[in-house]
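**Student:**
Numbering (my numbering), first residue to last: 71 to 396.
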């Protein structure tokens, strides 16, 4: 039986990866800091340590051998370096690294895997640190043939999301509270549902063509903010005002986008045709399908929160204009 190590395991993407691997009958170990309760079973070992502590990680993994590693929790080159130096690579077939589309330089058009990466002012150190981690892995592949593959997802959403994005919008829709979106210009984005992401990740295990390669990972559907909110309305079946506010108004109020909207207002498009070229499954869950699954999970887990009617949010609502979207 293949033995697998997952870095992470109790939050959103890493948890979904662990549970999917267990369901498929693999022997799964995972590493976390032990801050979250484990609410599933079927795994082999749960190691608790801070992966940034190189010596602790080495001691923890020194007697273990893995066929595959899914690294979901690495944010920096040092995170990756610590793990690769700590683990016995004798029988390692594939190291799967979850990077981000934030590694690319800013663009208003589709980004391909070959496009320039670097410091992006919109994503700041998050994207740049992921880029440096990628560089380290790709250099290791060039030097010693290290069997790595890199994935750069767009916005990931779905059941179990610990980031308050979909749930932020569901809360407001459920309370028939106005949802305000930025209207600074045409913004186009893409999403990928957690089930599609996991499906692609697991498909890498028996694909021998992937070493040393990076892939964009997203559903091809292009979304604008009004479309996102209209889809929320269709799913929740509640009436609420959709309002828009300009950057000029935000500047006048001295209010940041993050105070009323859970996404960055920038075009974020990834060309994902390379997946098909390497016989990887294509994401197939549309935004409406995925948000419906997410909403059902949200209701089943009683995640509806009261709206905190902050003075800042009320200022935004008062200064925004209603969008005729019925």
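Virtual Cβ for every residue (Gly too), placed ideally from N, Cα, C.
#1: Using the C-alpha atoms, what's the distance from residue 305 back to residue 358?
#2: With distances taken Cα to Cα, identify the nearest neighbour of residue 246 among 252, 238, 253.
#3: Which first and last residues belong to the beta strand (DSSP E) in which residue 214 is found?
#4: Find the nearest neighbour of residue 143 within the set 160, 79, 347, judged by alpha-carbon distance.
#5: Measuring straight from C-alpha to C-alpha, what distance separates residue 181 and residue 254?
#6: Would you mind working out which of 203, 256, 267, 242 sits nearest residue 227, comparing C-alpha positions?
#7: Mind the definition here: the segment 160-178 touches the segment 127-136 only if three or more C-beta pairs lie below 8 Å; say whether that holds.
#8: Among the residues of its own chain, which have a CB less than 6 Å from the CB of residue 353, if the five just before and after it don't count?
#9: Return the first residue and the last residue of the beta strand (DSSP E) that residue 102 is part of.
#10: Within 10 angstroms of its Cβ, does residue 279 collect 16 or more other Cβ (buried), or is it exposed?
#11: So, at 7 Å on beta carbons, what are the nonlocal neighbours of residue 192 in its own chain, with the 5 sequence-adjacent residues on each side left out?
#12: Within a Cβ cutoff of 6 Å, which residues of the same chain sit near residue 317, ignoring the five residues on either side of it in sequence?
#13: Starting from residue 217, trace the alpha helix (DSSP H) in both directions and tell me its first and last residue.
#14: Please state the DSSP three-state secondary structure of residue 162.
#15: Throw me the rounded Cβ distance for the residue 252 and residue 295 pair, which I believe falls under 8 Å.
#16: State the beta-bridge partners of residue 142 as determined by DSSP.
#17: Sort 93, 178, 145, 378 by Cα distance to residue 200 and report the nearest one.
#18: State yes or no: is the C-beta of residue 218 within less than 8 Å of the C-beta of residue 171?
#19: Using alpha carbons as the reference points, say which of 389, 369, 202, 102 lies closest to residue 241.
#20: I'd like the list of long-range same chain contacts for residue 99, defined as Cβ closer than 8 Å, with 5 residues on each side in sequence excluded.
#21: Taking buried to mean at least 16 other C-beta atoms within 10 Å of its own C-beta, is residue 377 buried or exposed?
#22: Between the C-alpha atoms of residue 389 and residue 121, what's the straight-line distance to the nearest angstrom?
**Tutor:** Here's the rundown:
#1: When rounded, the distance between both Cα atoms is 8 Å.
#2: Measuring from the Cα of residue 246, the nearest candidate turns out to be 238.
#3: Careful: residue 214 lies outside any beta strand (DSSP E), inside the alpha helix (DSSP H) at 194-214.
#4: Closest option to residue 143, judged by alpha-carbon separation, among 160, 79, 347: 79.
#5: One Cα belongs to residue 181, the other to residue 254, and the distance between them is close to 22 Å.
#6: Nearest option by C-alpha distance: 267.
#7: Judged by Cβ distances under 8 Å, the segment 160-178 makes contact with the segment 127-136, as three or more pairs qualify.
#8: Contacts found: 262, 266, 289.
#9: Segment 97-102, the beta strand (DSSP E) holding residue 102.
#10: Counting the other Cβ atoms within 10 Å of the Cβ of residue 279 gives fewer than 16, which makes it exposed.
#11: So the qualifying residues of the chain are 176, 334, 336.
#12: Only 254 meet the Cβ criterion.
#13: Where residue 217 is concerned, there is no enclosing alpha helix (DSSP H), given that its DSSP letter is neither H nor E.
#14: Residue 162 falls in the coil class under three-state DSSP.
#15: The beta-carbon distance between residue 252 and residue 295, rounded to whole angstroms, is 7 Å. This is short enough to meet the 8 Å contact definition.
#16: None; residue 142 has no bridge partner.
#17: Taking the Cα of residue 200 as reference, the smallest distance to any Cα among 93, 178, 145, 378 is reached at 145.
#18: No, the Cβ-Cβ distance between residue 218 and residue 171 is not below 8 Å.
#19: Of the candidates 389, 369, 202, 102, the residue whose Cα lies closest to the Cα of residue 241 is 369.
#20: Apart from the 5 residues on each side of it in sequence, residue 99 sits with its Cβ closer than 8 Å to the Cβ of 73, 74, 75, 76, 113, 114, 115, 116, 117, 134, 136 in its chain, given in chain order.
#21: With fewer than 16 other CB atoms across the displayed protein chains lying within 10 angstroms of its CB, residue 377 is exposed.
#22: So the alpha carbons of these two residues sit roughly 46 Å apart.
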